[in-house]
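Numbering (our numbering), first residue to last: 3 to 486.
Okay, so here's the structure we're looking at.
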Ligand code: NAD
Ligand code: UDX
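Written as structure tokens, this is what we have:
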């Protein structure tokens with residue numbers, strides 16, 4: 003087999019999303035001698051990555067604009083020319099989406115690998131010489147086998163070449179979390195490289211060693227690497243479902259979940275992180291990766307293990323419906339025609355991503371009850387909210403014109419607001435669903451008089467100062483707070 007080049011000079015990354023864009027920007031920034039081409043089929047996304055106004059990048063991530071600003075046009079390039087970028091590359095990262103299958107075998111659980119397979123076929127068609135193919139997407143264990151099979155079937159010279167082509171597949175899952183992606187990429191807890199070919203493993207390790215300490219670059223076999231990514235997410239998600247189950251118990255017993263978190267987190271075997279109770283986990287990864295694990299367990303005839311992990315997801319959905327139900331209960335059993343201010347729509351702070359955001363389920367439940375939702379999020383646009391709720395935005399109610407026909411008919415409606423103060427105007431309740439920094443510093447003395455009394459604050463992220471809220475006469479529910 004041809005040896006891989008000692009130095010990787012040219013990288014192609016297929017997929018310019020939340021992972022591909024930031025990861026490649028940091029590699030380009032840290033490795034000025036490597037040309038990095040990020041390609042995507044989505045022309046609008048590529049145009050946004052190339053926008054001269056760095057505030058218009060398609061992914062909002064603190065610090066990303068500065069990194070892209072330094073490297074773009076130097077050794078970082080965004081384009082839709084997938085074939086050309088593959089043909090020039092020594093190393094191709096596959097960083098495409100792997101959502102849960104929506105139909106067919108394994109529907110609702112298994113990963114949809116059609117985009118990964120399409121990438122493997124495209125690499126097989128266009129690569130030249132020796133190419134290292136790196137799985138960056140999160141994939142079910144043993145996916146590399148499929149990619150290898152496709153690539154090995156193509157190990158013959160292209161028509162215009164005489165030498166044979168060769169491929170090696172590595173797994174290099176990404177552990178970044180949105181909102182802290184640049185920090186996570188620049189100082190990762192670890193970099194994981196799985197593979198069978200030492201030369202290829204070392205070629206990739208050499209890239210990371212430009213800025214990551216060598217003891218943090220872990221090497222495993224392919225299958226351990228693929229499975230570690232799925233299970234890392236499952237363990238993190240399990241902590242959130244565990245603490246949210248405890249939060250519900252706190253609310254009925256007078257315990258305070260933050261005090262419980264502090265007490266259990268002080269045990270060094272447990273640790274203090276990922277113990278914030280809230281409206282349940284969202285984001286593009288946790289749910290799909292656990293469901294994928296559930297599917298794998300069923301496939302390998304481990305039904306008890308599958309049920310164990312399935313419950314982590316079930317409890318998460320339960321927490322979201324529980325919050326919607328308690329809002330309705332506190333507002334005298336009905337929210338029909340009532341105005342509610344939803345603060346935050348993104349699945350967490352510091353991202354514009356709304357995939358699997360808890361706000362979606364909570365808002366849908368309230369819309370079903372006929373609520374009028376005034377939604378404010380500092381980074382999520384109205385078009386995205388409309389797609390997530392599968393409901394067009396309405397115009398804000400006009401006090402002169404009276405209630406809209408939809409409101410009179412008891413239909414739920416929503417509209418976007420551009421500030422907190424506009425959203426709370428005339429509202430019966432405020433729901434805080436994302437922990438944006440600005441929601442920690444709200445002026446409740448100014449907000450309370452604008453609301454219709456008696457008014458409620460439902461703080462699903464425990465970000466408000468309870469004394470400041472209650473002193474204005476507002477009623478407060480905070481996740482995991484007993485009525486002590
Ligand atoms: P994304 O949807 O934001 O981006 C994927 C991109 O791939 C899209 O822009 C899509 O147009 C493009 N694409 C799909 N098929 C293509 C093809 N054949 N050729 C060219 N482009 C193609 O997804 P993401 O959030 O960046 O996630 C990518 C992978 O990384 C997933 O497997 C995910 O599980 C994993 N991951 C995500 C995160 C995260 O926080 N988002 C973290 C770690 C790992
Ligand atoms: C996650 C993993 O953390 C990351 O390692 C992986 O690579 C991709 O998936 P991400 O989904 O971007 O990252 O965000 P994360 O910070 O993990 O938060 C996930 C969800 O859990 C969010 O909705 C967040 O609000 C929630 N969460 C997190 C809690 O409710 N409580 C916590 O203590 C921590």
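Note that beta-carbon positions come from the ideal geometry of N, C-alpha and C, so glycine has one too.
Closer than 7 Å: residue i CB and nearest ligand 1 heavy atom
i           : result
residue 191 : no
residue 292 : no
residue 86  : no
residue 15  : no
residue 28  : no
residue 31  : no
residue 20  : yes
residue 140 : yes
residue 100 : yes
residue 104 : no
Straight-line Cα distance separating residue j from residue i
i           : j           : result
residue 191 : residue 105 : 36 Å
residue 314 : residue 308 : 10 Å
residue 415 : residue 179 : 32 Å
residue 85  : residue 208 : 26 Å
residue 378 : residue 396 : 14 Å
residue 23  : residue 348 : 19 Å
residue 201 : residue 317 : 44 Å
residue 481 : residue 249 : 7 Å
residue 255 : residue 483 : 9 Å
residue 13  : residue 343 : 46 Å
residue 217 : residue 335 : 57 Å
residue 131 : residue 168 : 6 Å
residue 87  : residue 136 : 15 Å
residue 423 : residue 376 : 11 Å
residue 265 : residue 394 : 45 Å
residue 369 : residue 461 : 19 Å
residue 95  : residue 430 : 50 Å
residue 259 : residue 346 : 22 Å
residue 163 : residue 197 : 28 Å
residue 69  : residue 61  : 13 Å
residue 441 : residue 432 : 11 Å
Near ligand 2: residue i beta-carbon under 7 Å from a heavy atom
i           : result
residue 350 : yes
residue 23  : no
residue 180 : yes
residue 253 : no
residue 147 : no
residue 283 : yes
residue 317 : no
residue 80  : no
residue 235 : yes
residue 197 : no
residue 96  : no
residue 176 : yes
residue 280 : yes
residue 277 : yes
residue 288 : yes
Limits of the unbroken beta strand (DSSP E) element including residue i
i           : result
residue 149 : Note, residue 149: premise wrong, no beta strand (DSSP E); alpha helix (DSSP H) at 145-154.
residue 480 : 477-480
residue 10  : Run containing residue 10: none; DSSP gives neither H nor E here.
residue 196 : 193-196
Terminal residues of the alpha helix (DSSP H) in which residue i lies
i           : result
residue 311 : 305-332
residue 390 : 384-391
residue 433 : Segment 431-434 is the beta strand (DSSP E) holding residue 433; no alpha helix (DSSP H) there.
residue 85  : 84-90
residue 25  : 22-32
residue 230 : 224-255
residue 117 : 116-128
residue 300 : 288-301
residue 77  : Looking at the DSSP string, residue 77 is not in any alpha helix (DSSP H), and its letter there is neither H nor E.
residue 200 : 200-210
residue 469 : 468-472
residue 188 : 183-188
residue 261 : 259-267
residue 51  : 45-51
residue 135 : Here residue 135 belongs to no alpha helix (DSSP H); instead the beta strand (DSSP E) covers 132-137.
Exercise. Say whether the stretch 226-238 touches the stretch 167-176, bearing in mind that this needs 3 or more beta-carbon pairs closer than 8 Å, one atom from each stretch.
Key: yes
Quiz item: Counting Cβ pairs, one atom from each stretch, are 3 or more of them under 8 Å apart for the stretch 44-59 and the stretch 8-19?
Solution: yes
Quiz prompt | Given 8 Å, three or more beta-carbon pairs between the stretch 72-82 and the stretch 110-117 | solution = no
Quiz item: Counting pairs of beta carbons, one from the stretch 348-358 and one from the stretch 445-455, are three or more of them closer than 8 Å?
Solution: no
Quiz item: Which whole runs of the beta strand (DSSP E) in the stretch 340-427 are 3 residues long or more, in chain order?
Solution: 341-345, 374-378, 415-418
Quiz item: Counting pairs of Cβ atoms below 8 Å between the stretch 358-370 and the stretch 273-292, do you hit three or more?
Solution: yes
Practice problem: Indicate whether the contact test is met: 3 or more Cβ pairs, each with one atom in the stretch 235-243 and one in the stretch 268-279, closer than 8 Å. | Solution: yes
Quiz item: Which runs of the beta strand (DSSP E), 3 residues or longer, sit entirely within the stretch 153-177?
Solution: 168-173
Quiz item: For the 8 Å Cβ check, are there 3 or more pairs between the stretch 122-129 and the stretch 50-63?
Solution: no
Self-check item: Cβ contact check for the stretch 181-188 and the stretch 156-163: 3 or more pairs under 8 Å
Solution: no
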